[in-house]
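Residue numbers (the numbering used here): 8 to 390.
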């Protein structure tokens with residue numbers, strides 16, 4: 008249906024998506040909120056669409072509502088009619104042009120001088136805020152993957168996953184007796200957030216071993232580098248495998264601790280390297296990669312079973328060394344850390360596998376599974 012809004016007050020700054028502009032407005036005649044979608048052709052260059060502006064809009068109403076439950080209008084013509092103050096009052100119609108405060112809508116504390124609106128315009132806006140609050144509560148109270156129902160932490164005490172680097176760094180500093188001269192190797196550290204946290208909080212000498220190139224330094228890190236004489240974490244672009252260990256044994260012996268936070272394919276190599284040099288280690292495993300590592304086996308009674316789940320992976324890693332311990336870190340997701348605090352006797356005979364060995368093993372495992380599937384299909388066709 009064709010709709011004409013004589014006085015549409017812009018509530019928020021427009022949002023551009025590709026070549027379409029989305030504007031939230033409120034009709035000054037009846038106080039109802041609309042969402043406008045305007046093409047470049049409908050907007051003239053001289054027209055300034057900003058918060059508080061008054062527009063004369065004509066177009067066709069969309070048959071469906073917006074995500075917030077608002078009526079949507081596809082604009083054909085848009086004309087400017089000047090500006091209005093924050094609250095427009097005329098003929099017993101009060102129109103709020105301030106956006107809704109999301110903190111207030113979700114029941115969170117807000118500043119006393121908040122410039123946003125602390126009231127709902129209609130029931131649709133109230134329902135939208137209730138659904139957003141329910142979704143956030145469901146996410147924040149979800150049980151982490153590695154924590155049982157009667158685990159050491161309640162679900163509300165877990166921090167969000169994005170804080171895992173800082174939480175892991177704090178746990179390392181609290182668990183290991185590191186000196187100011189200690190060196191820490193962060194394997195598969197990506198951007199080196201764990202290493203930078205250790206350097207920033209204790210001034211430890213760290214190195215990041217990752218095949219990807221180093222990311223540009225953040226402004227915060229560049230400013231802090233000028234305040235200390237301790238060199239920042241160095242980046243080594245390489246893969247931790249047998250070849251790297253054999254060629255850089257002297258370099259690896261200089262470290263007092265080897266760590267890895269969600270190192271993916273480097274999980275086995277971290278423990279094997281720490282065992283080779285007898286170095287303390289702290290590892291938070293993540294992905295299982297059962298297809299890539301079919302040689303992983305775990306003993307259950309008299310059975311030799313493959314490692315298929317995250318629980319299997321943690322049990323498999325703990326079985327590598329009786330001195331290894333495990334603990335749960337307080338963040339959501341894969342949060343089990345496997346560690347050894349004290350140095351051990353070096354085992355130069357236990358070198359990591361080459362990276363190429365994993366690929367060959369994965370190809371063989373894939374071929375075996377394909378043959379089993381074919382035999383299973385043949386047996387089902389004969390039945």
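The C-beta atom is built at its ideal place from N, Cα and C for all residues, glycine as well.
Since the model is a prediction, treat every value here as computed from it, not as a measurement.
Round the Cβ separation of residue i and residue j to the nearest angstrom and send it over; I've been treating them as touching at under 8 Å.
i: residue 136; j: residue 113; result: 7 Å
i: residue 291; j: residue 344; result: 5 Å
i: residue 17; j: residue 76; result: That belief does not hold up - the Cβ atoms of residue 17 and residue 76 are roughly 19 Å apart, past 8 Å.
i: residue 215; j: residue 240; result: 6 Å
i: residue 5; j: residue 283; result: This structure does not reach residue 5, given that the chain is present from 8 up to 390, and the question cannot be answered.
i: residue 72; j: residue 41; result: Incorrect: roughly 11 Å between the Cβ atoms, too far for contact.
i: residue 45; j: residue 85; result: 6 Å
i: residue 82; j: residue 49; result: 5 Å
i: residue 242; j: residue 197; result: Contact flag wrong, Cβ pair sits at about 10 Å.
i: residue 21; j: residue 27; result: Not quite, the Cβ-Cβ distance comes to about 10 Å (not below 8 Å), so this is no contact.
i: residue 106; j: residue 124; result: 6 Å
i: residue 315; j: residue 297; result: 5 Å
i: residue 19; j: residue 9; result: At roughly 25 Å, the Cβ-Cβ gap does not stay under 8 Å, so residue 19 and residue 9 are not in contact.
i: residue 270; j: residue 194; result: 6 Å
i: residue 249; j: residue 358; result: 5 Å
i: residue 189; j: residue 217; result: Actually they are not in contact, since the Cβ atoms of residue 189 and residue 217 sit about 20 Å apart, beyond 8 Å.
i: residue 11; j: residue 69; result: Not quite, the Cβ-Cβ distance comes to about 15 Å (not below 8 Å), so this is no contact.
Tell me the residue span of the beta strand (DSSP E) that contains residue i.
i: residue 306; result: 304-307
i: residue 332; result: 332-335
i: residue 31; result: 27-34
i: residue 326; result: Run containing residue 326: none; DSSP gives neither H nor E here.
i: residue 15; result: 9-17
i: residue 267; result: 264-268
How is the alpha helix (DSSP H) around residue i delimited, first residue to last?
i: residue 275; result: 274-284
i: residue 312; result: Taken as a continuous stretch (DSSP letters only), residue 312 belongs to no alpha helix (DSSP H), being part of the beta strand (DSSP E) at 310-313.
i: residue 351; result: No alpha helix (DSSP H) contains residue 351, which DSSP labels as neither H nor E.
i: residue 109; result: 109-112
Going by DSSP, what residues sit across from residue i in a beta bridge?
i: residue 345; result: 290 and 333
i: residue 41; result: 32 and 78
i: residue 85; result: 64
i: residue 23; result: 28
i: residue 123; result: Answer is none; residue 123 lacks a bridge partner.
i: residue 46; result: 27
i: residue 166; result: 338
For chain D, check one thing: does any of its Cβ atoms lie closer than 7 Å to the Cβ of residue i?
i: residue 76; result: Absent from the structure: chain D. Only one protein chain is present.
Task: Complete runs of the alpha helix (DSSP H) confined to the region 181-260 [at least 4 residues] - done: 200-209, 226-232, 249-254 and 256-260
Task: Three-pair Cβ contact test at 8 Å for the region 278-293 versus the region 199-206 - done: no
Open item on the list: Taking contact to mean 3 or more Cβ pairs, one atom from each stretch, closer than 8 Å, check whether the region 255-270 and the region 172-185 are in contact.
Closed with: yes
Open item on the list: Does the region 303-310 come into contact with the region 319-327, if we say contact requires no fewer than three beta-carbon pairs (one atom in each stretch) closer than 8 Å?
Closed with: yes
Open item on the list: So, does the region 330-346 touch the region 165-176, judging by three or more C-beta pairs under 8 Å?
Closed with: yes
Open item on the list: Could you check whether the region 347-357 touches the region 224-239, counting it as contact only if at least three pairs of C-beta atoms, one from each stretch, sit closer than 8 Å?
Closed with: no
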